[in-house]
Amino acid sequence: MPIAIVTGASSGIGAATARRLAAEGFTVVVAARRADRLAELVTQITDAGGSAVAVPCDVTSDESVAGLAEAVADLAESYGREAGGPDEPVTLLVNNAGGALGLDPVEHGSVDDWQWMFEVNVLGTLRVTKALLPLLEASEAGTIVMVSSTAGFIVYEGGGGYSAAKHGMTAMTGTLRLELAGRPVRVVEVDPGMVRTDEFATKRFRGDTERADAVYAGVEMPLTADDVADCIAWTATRPQHVNIDRIVVRPLAQAAQHKVAKGPIGKQS
Ligand code: 8X3
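Number 119 in the UniProt record's numbering belongs to position 119 of the sequence shown; there are no gaps in the numbering.
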């Protein structure tokens with residue numbers, strides 16, 4: 001079974017993507033800082049008949065990311081040996097670890113918050129991509145999916161730090177696709193708009209659930225983590241010569257960043 005790695009897999013889009021990729025037949029390496037959450041996810045996936053392995057990893061640490069790459073290489077080797085053949089191919093990396101902190105205007109922007117956002121969204125993605133690229137390339141059929149955001153190409157008041165970080169991630173994605181031209185690794189960007197997950201807004205507002213809930217108030221149906229996982233899985237399961245450069249996905253209610261309809265809209269499943 002081909003091996004996929006999902007970062008930020010302990011919750012939200014990452015966990016949903018790991019479940020979905022396991023259902024698609026990947027052995028999924030789930031990586032995140034919280035080992036207890038990863039263990040629960042692995043149990044869920046294996047109970048559902050899938051295959052997953054937890055590798056606790058902090059994408060802000062060179063050492064931790066090197067450990068992730070080593071664990072993935074060992075796994076590929078031992079699965080291959082068990083099957084009496086060559087190493088299992090490592091074909092997919094989903095760079096999902098990221099997040100937002102704060103909604104301060106630039107004039108009051110917290111350097112610490114901005115630093116954290118750059119560390120996780122941009123430099124974390126760089127670290128993991130560098131560390132796993134040799135294995136992806138060795139598979140001769142690799143795919144890197146960058147989970148960026150609509151904030152990767154628009155700006156909005158209070159979103160300066162997050163948008164700057166996601167613009168950085170988007171710039172890295174486009175650059176990488178150019179640099180890898182002629183080599184067997186696709187580079188895909190998935191840009192979700194309004195997604196309601198357990199943690200994104202709550203973390204942004206440092207546990208203030210009322211403020212987090214207000215983001216989605218009156219919006220009939222924001223995207224779910226499963227909706228985004230569906231997009232990610234679709235890009236990764238196209239024939240290998242098909243490179244989906246970018247998917248922008250928003251809920252029906254969100255025509256643009258500042259244009260969010262409130263109240264019911266027709267029949268929604
Ligand atoms: C999340 C989208 O609107 O909070 O990536 O920036 S937004």
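Yeah, the Cβ is synthetic: ideal placement off N, Cα and C, and Gly gets one too.
Which residues bound the alpha helix (DSSP H) around residue i?
i: G168; result: G160 to E179
i: I232; result: A225 to A236
i: A52; result: Looking at the DSSP string, A52 is not in any alpha helix (DSSP H); the run it does join, the beta strand (DSSP E), is S51 to P56.
i: P134; result: G124 to A138
i: G67; result: D62 to E82
i: D87; result: It is not in any alpha helix (DSSP H) - D87 carries neither H nor E in the DSSP assignment.
Following a CB-centred definition, is residue i positioned closer than 6 Å to any heavy atom of ligand 1?
i: S149; result: yes
Go through its chain and collect everything with a Cβ distance to residue i's Cβ below 6 Å, but skip five positions before and after it.
i: G14; result: V6, G8 and N96
i: T91; result: P2, S139, A141 and G142
i: F118; result: A165
i: G80; result: P86, D87 and E88
i: T27; result: M1, I3 and S51
Hey, residue i and residue j: beta-carbon distance below 7 Å or not?
i: A35; j: P56; result: yes
i: V94; j: G168; result: no
i: G12; j: T197; result: yes
i: V187; j: R177; result: yes
i: V116; j: L101; result: The displayed chain sequence assigns Trp, not Val, to residue 116. Contact: yes.
i: G98; j: V120; result: yes
i: Q257; j: I154; result: yes
i: G158; j: P239; result: no
i: C231; j: V242; result: no
i: A217; j: A201; result: no
i: T173; j: G124; result: no
For the beta strand (DSSP E) containing residue i, name the first residue and the last one.
i: S148; result: Segment: none, S148 is in no beta strand (DSSP E) and carries neither H nor E.
i: C254; result: The sequence given here places Gln at residue 254; Cys does not occur at that position. From DSSP, the beta strand (DSSP E) with Q254 extends over Q254 to A256.
i: D191; result: V185 to P192
i: R246; result: R246 to V249
i: A31; result: T27 to A32
i: L93; result: V90 to N95
i: T7; result: I3 to T7
Might you give, ordered along the chain, the residues of its own chain that have their beta carbon closer than 8 Å to the beta carbon of residue i, omitting 5 neighbours on each side?
i: Q185; result: Looking at the sequence provided, one finds Val at residue 185 rather than Gln. L133, L136, E137, G142, T143 and I144.
i: L41; result: A9, S10, A15, A18, R19, V30, A52 and A54
i: A39; result: A54
i: D226; result: A16 and R20
i: R183; result: E137
With residue i and residue j assumed to form a contact (beta carbons below 8 Å), what rounded beta-carbon distance in angstroms separates them?
i: M221; j: P192; result: M221 to P192, Cβ: 14 Å. No contact.
i: Y162; j: A151; result: 5 Å
i: A131; j: A66; result: 6 Å
i: V195; j: V228; result: 6 Å
i: V219; j: K262; result: 6 Å
Using C-beta distances below 7 Å, list every residue in its chain close to residue i, excluding the 5 sequence neighbours before and after it, in chain order.
i: residue 273; result: Any question about residue 273 goes unanswered here, given that the chain covers just 1 to 269.
i: S149; result: K166, D191 and P192
i: F205; result: R211 and A212
i: G109; result: G160 and G161
i: E199; result: S11 and G12
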